[in-house]
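Asker: As numbered in full-length UniProt numbering, residues 1 to 309 make up the sequence shown, in order.
C-beta atoms are modelled at their ideal positions from N, C-alpha and C, and glycine is treated no differently.
Nothing here was measured: the structure is a model prediction, and the numbers come from that model.
Dropping the structure in here first, questions after.
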Amino acid sequence: MSIYAIANYAGSAGKTTTATSLAVLLAAEYGLRVRLYDLDSQANASTWLGWSDPEDYPTISDVLNPAIDAHIADAERPARAPWDIDDNRPVYEDDSVIENLTIVPARGYALDELMPRLHTPTGVGRLRKKIREAPAVDVTILDAAGSGTALTLASILATSAFPDQLESSGVITCTLAQPKEVEGIAKLENEISGINDAYDLSVGLRGIVVCSVPSKGKVYANNRDDLDSRYGDLVSPSVRHRTTVPEAYGLFTPLPIYAERASNRHSRAGAQDVTDDYRKVLEHFIGNGLFPEAARKDPALIRAIGAAR
Numbered sequence: 001m002s003i004y005a006i007a008n009y010a011g012s013a014g015k016t017t018t019a020t021s022l023a024v025l026l027a028a029e030y031g032l033r034v035r036l037y038d039l040d041s042q043a044n045a046s047t048w049l050g051w052s053d054p055e056d057y058p059t060i061s062d063v064l065n066p067a068i069d070a071h072i073a074d075a076e077r078p079a080r081a082p083w084d085i086d087d088n089r090p091v092y093e094d095d096s097v098i099e100n101l102t103i104v105p106a107r108g109y110a111l112d113e114l115m116p117r118l119h120t121p122t123g124v125g126r127l128r129k130k131i132r133e134a135p136a137v138d139v140t141i142l143d144a145a146g147s148g149t150a151l152t153l154a155s156i157l158a159t160s161a162f163p164d165q166l167e168s169s170g171v172i173t174c175t176l177a178q179p180k181e182v183e184g185i186a187k188l189e190n191e192i193s194g195i196n197d198a199y200d201l202s203v204g205l206r207g208i209v210v211c212s213v214p215s216k217g218k219v220y221a222n223n224r225d226d227l228d229s230r231y232g233d234l235v236s237p238s239v240r241h242r243t244t245v246p247e248a249y250g251l252f253t254p255l256p257i258y259a260e261r262a263s264n265r266h267s268r269a270g271a272q273d274v275t276d277d278y279r280k281v282l283e284h285f286i287g288n289g290l291f292p293e294a295a296r297k298d299p300a301l302i303r304a305i306g307a308a309r
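Right, dumping it as structure tokens:
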């Protein structure tokens, strides 16, 4: 099982859009069993995957809190996409479940309250331990907190839960093609390096997704060129800017599903554009050796990607 922490130092850089879109595509189009953990106190991934209000269920906080000690299986829920919106609330039916995809949802305030307990070696290592003990899936995706917190550290550490998978597991970061956001990649690299030194690990930065890229703009093009020259094949194809991304979130619908269901033609086209971009991101990463489960499931896939490069 490969494990990826989707993390970044700059807010609003497409982290949760990337985490949820890759998870849905891997589950729906590659047929992989995917488990996504929401470790961000904003709980946006939980909202996007059908659990905006998990009050009656255990959440990731209960898993990480030693006083509760819930198992991942206790908190895990099937990801869902609504069939209707009633009074600004999603309506779920029996067939709302997204096949092959589950989420360990977050309750934002509970994660904030838990944070002081995580600032110990045992605290930050608890997620890694729980992932080792959890029922097996093909791919684990961690939607990490957006800055260098104990939850970010816990997420990065958790990618080393299975040492034999370290070469394909690791950190994927998201950035906008803007100077401030690009600078955050170096900060993340420094944090990963510090974690490796402190814990005698070899967690790596495995990929960079450039998100919300406008169709025009010399500054954006220059920053993309700078990323390519600095990081080479780590950088995936760009993901275009489309206003339908926040629209899909506001309707509680994962982007790849919104690309199929949006009733407005303009909205559907925009969602399809971004979903197609994420398909290319996945193909790029698979070609680089990430998500090896996809290649093992369909060996012809990796040959086709290699031939297309």
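#1: If I measure Cβ to Cβ from L188 and keep anything under 6 Å in the same chain, skipping five residues before and after, which residues do I get?
#2: For G289, which residues of its own chain have a beta-carbon under 8 Å away from its beta-carbon, when the five flanking residues on both sides are left out?
#3: Leaving aside the five residues before and after S52 along the sequence, list all residues of the same chain whose C-beta is less than 8 Å from its C-beta, in chain order.
#4: Mind checking which residues open and close the beta strand (DSSP E) that includes E99?
#5: On the three-state DSSP scale, how would you describe S46?
#6: Per DSSP, what are the beta-bridge partners of T140 in this structure?
#7: Alpha helix (DSSP H) containing R126: first to last residue?
#8: So, are the CB atoms of A5 and E181 less than 7 Å apart?
#9: Thinking just about the alpha-carbon of each residue, which of S193, I98, H71 is nearest to the one in A81?
#10: From R107 to S96, what does the alpha carbon distance come to, in whole angstroms?
#11: May I ask which residues mark the beginning and end of the beta strand (DSSP E) holding A79?
#12: Between W51 and chain C, is there a C-beta pair that is closer than 7 Å?
#13: Whose C-alpha, out of R240, T159, I85, R35, is nearest the C-alpha of Y135?
#14: Under 8 Å by Cβ, that's how I've got L118 and A145 pegged, so tell me the actual separation to the nearest angstrom.
#15: Hey, how far is the Cα of A7 from the Cα of E93?
#16: When you compare only the Cα positions, how much space is there between Y37 and I103?
#17: In or out: residue 310 buried (at least 16 other Cβ within 10 Å) or exposed?
#18: Taking only three categories from DSSP, how would you classify R89?
#19: If you drop the 5 nearest sequence neighbours on each side, which residues of the same chain put their C-beta closer than 6 Å to that of K130?
#20: Helix, strand or coil for I68? Go by DSSP, reduced to three states.
#21: Thinking just about the alpha-carbon of each residue, which of V139, L255, L201 is nearest to the one in S267?
#22: Could you check what DSSP says for G108 in three-state terms: helix, strand or coil?
#23: Going by other Cβ atoms of all chains shown within 10 Å of its Cβ, with 16 needed for buried, is A221 buried or exposed?
#24: What three-state label does DSSP hand L205 in the structure shown?
#25: For I208, I'd like the list of residues in its chain whose CB is within less than 8 Å of its CB, leaving aside the five on either flank, ordered along the chain.
Answerer: The answer reads as follows:
#1: Excluding positions up to five away in sequence, the list reads Y9, T173.
#2: Cβ neighbours of G289 beyond the five flanking positions: E167, S168.
#3: Around S52: A43, S46, P90, F252.
#4: First-last of the beta strand (DSSP E) with E99: 97-104.
#5: When DSSP states are grouped into helix, strand and coil, S46 belongs to the helix group.
#6: Under DSSP, the beta-bridge partners assigned to T140 are I3, R35.
#7: Segment 121-133, the alpha helix (DSSP H) holding R126.
#8: Against a cut-off of 7 Å, the Cβ pair of E181 and A5 comes out as no contact.
#9: Of the candidates S193, I98, H71, I98 places its Cα closest to the Cα of A81.
#10: Each residue's Cα considered, the two are about 21 Å apart.
#11: In the DSSP assignment, A79 falls within the unbroken beta strand (DSSP E) covering 77-80.
#12: Although the question refers to chain C, the structure presented lacks it and comprises just one protein chain.
#13: It should be pointed out that residue 135 corresponds to Pro in this sequence rather than to Tyr. Among R240, T159, I85, R35, the Cα nearest to that of P135 belongs to R35.
#14: In this structure, L118 and A145 do not form a Cβ contact; the two beta carbons are roughly 11 Å apart against a cut-off of 8 Å.
#15: If I take the Cα positions, the gap works out to 32 Å.
#16: Rounded to whole angstroms, Y37 to I103 spans 6 Å at the Cα level.
#17: Here the chain covers residues 1 to 309 and nothing more, so residue 310 does not appear.
#18: DSSP places R89 in strand when its eight states are reduced to three.
#19: Non-local C-beta neighbours of K130 in its own chain, meaning closer than 6 Å and more than five positions away in sequence, comprise V63, I72, ordered along the chain.
#20: Note: I68 maps to coil in three-state DSSP.
#21: Comparing Cα-Cα distances from S267 to each of V139, L255, L201, the minimum goes to L255.
#22: G108: helix per DSSP, three-state reduction.
#23: Classified as exposed, A221 has fewer than 16 neighbouring CB atoms from the shown chains inside 10 Å of its CB.
#24: Here L205 sits in strand by DSSP.
#25: Its chain contains I172, T173, C174, T175, I185, L227, Y231, L234, V235, S236 as the residues whose beta carbon lies nearer than 8 Å to that of I208, once the 5 sequence neighbours on both sides are disregarded; these appear in chain order.
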